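Numbering (my numbering), first residue to last: -18 to 137.
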């Protein structure tokens, strides 16, 4: 059965937090971080939930902001998370595709993201969708002091 995508709402924060705590125990998003992101929907943010078999299977978010080039918009993948029980079935690709489609609707000329340098499966997903390495942010993920690979996808 294919997942159902729907907008992320405030009542989804607690189930999303449970996924965060399981997947990212060193640096999970706080309740306040989720509230802050949702406060900017739909102006500059887009968040989506994937439901499978009546439960939250994953979520993803995009930020759109003025680009470095005047009169352009760039997107930033804020997060993509798939609950362990739903991993390995292509749900991450479904969520990423939803973000990229929203980036196109918002006329983003490029989409950026950061991913831990030791997260090989996520990096492979991003490469399959046209992202290319663009740099490293040393010690970006705290408190574990893990590096982030910056990746970019041109949308034109």
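Beta carbons: idealized from backbone N, C-alpha and C, even for Gly.
Only a predicted model underlies this, so the values are computations on that prediction, with no experimental measurement involved.
- The shortest CA-to-CA distance from residue 110 to any of 25, 94, 11, 30 is the one to 94.
- Taking a C-beta distance under 8 angstroms as the contact criterion, residue -14 and residue 45 do not qualify as a contact pair.
- Taking a cut-off of 8 angstroms on C-beta distances, the region 18 to 38 does not touch the region 89 to 107, as fewer than three cross pairs fall below it.
- Secondary-structure assignment with DSSP links residue 58 through a beta bridge to 43.
- Residue 11 and residue -2 have their alpha carbons spaced roughly 7 angstroms apart.
- Taking residue 3 as reference, the option from -12, 25, 38, 91 with the minimal CA-CA separation is 38.
- The beta-bridge partner set that DSSP reports for residue 93 consists of 57, 133.
- Contact between residue 87 and residue 54 holds, since their C-beta atoms are separated by about 6 angstroms, short of 8 angstroms.
- For residue 79, the closest C-alpha among the options 127, 43, 36, 105 is that of 43.
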